[in-house]
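Novice:
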Amino acid sequence: MTTSAELTARFEAPEGFKKYIGFLGGKLAKKSYELYSSAEERGAAESYILDTREHDGTYYYLRAIGTRGHLDEATLARLTQAAKLVPLGTVRFEGMMAAVIPDAVGSNAEARDIHDLSPLDDGIIVYPVTELSKKGRSSWALWARKDGEYYVYPLEDKKL
Numbered sequence: 001m002t003t004s005a006e007l008t009a010r011f012e013a014p015e016g017f018k019k020y021i022g023f024l025g026g027k028l029a030k031k032s033y034e035l036y037s038s039a040e041e042r043g044a045a046e047s048y049i050l051d052t053r054e055h056d057g058t059y060y061y062l063r064a065i066g067t068r069g070h071l072d073e074a075t076l077a078r079l080t081q082a083a084k085l086v087p088l089g090t091v092r093f094e095g096m097m098a099a100v101i102p103d104a105v106g107s108n109a110e111a112r113d114i115h116d117l118s119p120l121d122d123g124i125i126v127y128p129v130t131e132l133s134k135k136g137r138s139s140w141a142l143w144a145r146k147d148g149e150y151y152v153y154p155l156e157d158k159k160l
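Here it is in structure tokens:
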């Protein structure tokens with residue numbers, strides 16, 4: 001069983017990002033590690049599925065994490081209701097284009113509708129995940145807060 005503390009510790013060293021992102025993502029792994037290790041706050045959180053969509057065999061998930069712990073049922077219900085209102089086209093586009101570490105949540109102006117559902121002041125990040133046939137489920141996510149900006153990186157279960 002994976003825990004938040006285990007995942008946080010794994011990514012405290014550069015090897016965690018290199019191993020996870022892979023050889024071809026060397027610069028991305030380095031930038032991600034530098035941001036994560038220098039963040040004022042950081043951790044790993046188990047994610048909640050707010051909505052699931054499917055199009056031509058590709059699955060799209062709208063997920064949320066709480067940087068301050070588990071999310072209560074009322075919060076999840078409110079976020080789920082908002083997530084279900086996002087059009088499929090937006091979910092598909094943002095599932096491929098949304099910002100992940102080392103880019104801040106909502107920093108891609110063309111792909112921020114889903115991130116805008118995030119009540120960041122409450123430590124809650126809403127983000128899209130696209131699961132192509134090669135990718136697996138992403139039940140956990142790394143998160144960081146640096147200079148007032150939040151960052152998120154979904155973690156594939158099969159790589160944990």
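Numbering-wise (my numbering), the sequence shown opens with residue 1 and increments by one.
Ideal Cβ positions, reconstructed from N, Cα and C, are used throughout, including at glycine.
For residue 122, which option in 68, 15, 115, 41 has the closest C-alpha, if you only look at C-alpha atoms?
Specialist: For residue 122, the nearest C-alpha among the options comes from 68.
Novice: Which residues mark the beginning and the end of the beta strand (DSSP E) in which residue 79 is found?
Specialist: Taken as a continuous stretch (DSSP letters only), residue 79 belongs to no beta strand (DSSP E), being part of the alpha helix (DSSP H) at 73 to 83.
Novice: Could you spell out where the alpha helix (DSSP H) holding residue 15 opens and where it closes?
Specialist: That run of the alpha helix (DSSP H) goes 14 to 21.
Novice: Nearest to residue 46 by CA position, among 16, 5, 83, is which residue?
Specialist: Nearest option by C-alpha distance: 5.
Novice: In the DSSP assignment, what residue or residues form a beta bridge with residue 51?
Specialist: Answer is 62, bridged to residue 51.
Novice: By the three-class DSSP mapping on this structure, what secondary structure does residue 155 have?
Specialist: Residue state, collapsed to three classes: strand.
Novice: Go through its chain and collect everything with a Cβ distance to residue 66's Cβ below 7 Å, but skip five positions before and after it.
Specialist: Answer for residue 66: 45, 123, 124, listed in chain order.
Novice: Could you check what DSSP says for residue 126 in three-state terms: helix, strand or coil?
Specialist: Reduced to three states, the DSSP call for residue 126 is strand.
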